[in-house]
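Beneath this line is the structure, given in structure tokens, with notes to follow.
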Amino acid sequence: MLAMVATYKLGESMADAMFKPFLVDHGFTAAQIGLWSGTWGMGASLLGSLAGGLLATRLPIVGALAITGALRAVPLVAEWWLTLGQPLAEQVVAITLAEHFFGGALTTAMFAFMMSRVDPRIGATHFTALAALEVLGKAPAGIASGWVAVRWGYPAVFAAAVTLSAVWLLFFPVLRRSLRR
């Protein structure tokens, strides 16, 4: 469980760290990127969080986590695909909104999962420790993304982000078995 909490956003944080520089390098303005990612993206993230919360209340929490994790990988694949050519504004907007929506859904499902696993006797402390692990877990990929981009280019960064997200999904069979005990 700790490994899942620490790694569930590795791919997303790697992609997020380089997506805006990628867009700048392809001629998009700061105003466009701010509007798409900041304003519209935040709205999509909020809607995704609501969707993730609804999913987490209607499905077993591990199922909601698996679904949102798999769906979150889709826009990361699309971001990688953008790096293979000259992205169009419409493509960037659609992919940005999808990435924020599914990222918000996954975050909410993960936080609901974390809450379901805390020891009620020390709930606040236990959840705070898990939340700190979640934040710390995102850092390595964001830091590594610039290094990868300089050495191998944007396609390698986004391919690595997709791979990290796909590898994270391999935790689910182990998690399901451990929760049955």
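The opening residue of the sequence shown carries number 11 in the numbering used here; numbering runs sequentially from there.
Even glycine gets a Cβ: it sits at the ideal position worked out from N, Cα and C.
>> At 4 residues or longer, what runs of the alpha helix (DSSP H) sit wholly inside the segment 28-80?
In response: Qualifying alpha helix (DSSP H) stretches, in chain order: 40-43 and 51-68.
> Given that a residue counts as buried once 16 or more other Cβ atoms are within 10 Å of its Cβ, and exposed if not, what is G114?
Replying inline: When all chains shown are included, G114 counts as buried.
> Where L69 and A166 are concerned, what is the direct C-alpha to C-alpha distance, given to the nearest angstrom?
Replying inline: Cα to Cα, L69 sits roughly 35 Å from A166.
> Does the segment 55-68 touch the segment 113-127, meaning 3 or more C-beta pairs lie closer than 8 Å?
Replying inline: The answer is yes - the segment 55-68 touches the segment 113-127, with three or more Cβ pairs under 8 Å.
>> Here's a check: name, in chain order, each residue in its chain whose Cβ is nearer than 8 Å to the Cβ of S47, leaving out the five neighbours to either side.
In response: Answer for S47: F29, K30, T106 and H110, listed in chain order.
>> Just checking: is the beta-carbon of G147 within a distance shorter than 8 Å of some beta-carbon in chain D?
In response: Judged by its chain identifiers, the structure shown contains no chain D, having just a single protein chain.
>> How far does the alpha helix (DSSP H) with K19 in it extend, from its first residue to its last?
In response: K19 -> no alpha helix (DSSP H), and no H or E assigned at all.
> Looking at the structure shown, is L189 part of a helix, part of a strand, or coil, going by DSSP?
Replying inline: Note: L189 maps to helix in three-state DSSP.
>> Following a CB-centred definition, is I77 positioned closer than 7 Å to any heavy atom of the ligand NAP?
In response: No copy of the ligand NAP occurs in the structure displayed, which carries no ligand at all.
> Is it true that the segment 42-62 meets the segment 177-188, where meeting means three or more beta-carbon pairs spaced less than 8 Å apart?
Replying inline: Between the segment 42-62 and the segment 177-188, the count of Cβ pairs shorter than 8 Å is below three; the stretches do not touch.
> Using the rule of at least 16 other Cβ atoms within 10 Å of the residue's Cβ for burial, across every protein chain shown, is L92 buried or exposed?
Replying inline: Buried, since its Cβ has 16 or more Cβ neighbours within 10 Å.
> Terminal residues of the continuous alpha helix (DSSP H) containing G133?
Replying inline: Boundaries of the alpha helix (DSSP H) around G133: G133 to W162.
> With burial defined as no fewer than 16 other Cβ atoms inside 10 Å of the residue's Cβ, what is the status of G21: buried or exposed?
Replying inline: Answer is buried; the Cβ neighbour count reaches 16.
>> Using the three-state DSSP reduction, which class does T93 fall into: helix, strand or coil?
In response: Reduced to three states, the DSSP call for T93 is coil.
> Hey, out of T39, A27 and L140, whose CA is closest to E89's CA?
Replying inline: Checking every option, the nearest Cα to that of E89 belongs to A27.
> Which residue's Cα is closest to the Cα of L94: L185, T17, M24 and F32?
Replying inline: Comparing Cα-Cα distances from L94 to each of L185, T17, M24 and F32, the minimum goes to F32.
> By Cβ distance below 7 Å, which residues in the same chain neighbour V80 in space, the five residues on each side in sequence not counted?
Replying inline: Looking at the sequence itself, residue 80 is Ala, so the reference to Val does not match. If we look at A80 and ignore the five residues flanking it on each side, its Cβ neighbours are L179.
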